[in-house]
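Colleague: Numbering (our numbering), first residue to last: 689 to 824.
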Ligand code: 5GP
Ligand code: ZN
């Protein structure tokens, strides 16, 4: 189902033209309008889902094979040195467009980007406590 007030519904379904590198029955892959690096693009399903939690299993199962296909295309055309696949859910996690999408970000030596996590040092027993909270 499409959502009337959703920009990615319009882009994915071709209601608004966009810089498309790939399209099939389920997805459109287009260039991010504010690219982090050269070739930064987004895998966007034509159907509306707010986020990964809402995505159905059938569509979800198609995302990684498509990401791999696009990685290969971008390697061939842009010769990236590395690659980030990123997917944000919720405002605190950096999501700004609330239609599920996956970022494909080719990386180049000295591209000035940094998506690295900040590691922490857990206190004694902390990991075990979290484990118990999750698996119980
Ligand atoms: P998020 O922060 O939700 O994970 O990512 C949203 C992404 O969509 C951002 O990288 C942003 O630059 C991109 N974006 C937002 N609006 C548009 C648009 O109208 N066209 C395109 N091509 N990209 C957009
Ligand atoms: Zn949408």
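We treat Cβ as the ideally placed atom computed from N, Cα and C, and that holds for glycine. Just so you know, these numbers come straight off a predicted model, no measurement behind them.
1) Would residue 733 be called buried (16 or more neighbouring beta carbons within 10 Å of its own) or exposed?
2) Which whole runs of the beta strand (DSSP E) in the stretch 704 to 777 are 3 residues long or more, in chain order?
3) Per DSSP, what are the beta-bridge partners of residue 792 in this structure?
4) Using 7 Å as the cut-off, classify the Cβ of residue 691 as near or not near the heavy atoms of the ligand ZN, replying yes or no.
5) Taking 7 Å as the cut-off, is the CB of residue 776 close to at least one heavy atom of the ligand SAM?
6) Could you spell out the range, first to last residue, of the alpha helix (DSSP H) harbouring residue 697?
7) Pull up the distance between the alpha-carbon of residue 652 and that of residue 769, whole angstroms please.
8) Pick out whichever of 761, 701, 786 has its Cα sitting closest to the Cα of residue 792.
9) Could you check the C-alpha separation between residue 809 and residue 780 for me, to the nearest Å?
10) Starting from residue 691, trace the alpha helix (DSSP H) both ways and give me its first and last residue.
11) Please classify residue 784: is it buried, with 16 or more other beta-carbons within 10 angstroms of its beta-carbon, or exposed?
12) Can you tell which of 812, 805, 811, 789 has its C-alpha closest to the C-alpha of residue 742?
Modeller: Let's see:
1) buried
2) 708 to 711, 715 to 719, 729 to 733, 770 to 774
3) 729, 773
4) yes
5) This structure does not include the ligand SAM; its bound ligands are the ligand 5GP and the ligand ZN.
6) 695 to 700
7) Since the first residue of the chain shown is 689 and the last is 824, residue 652 is not available in this structure.
8) 761
9) 22 Å
10) Premise fails: residue 691 is in no alpha helix (DSSP H) and is neither H nor E.
11) exposed
12) 789
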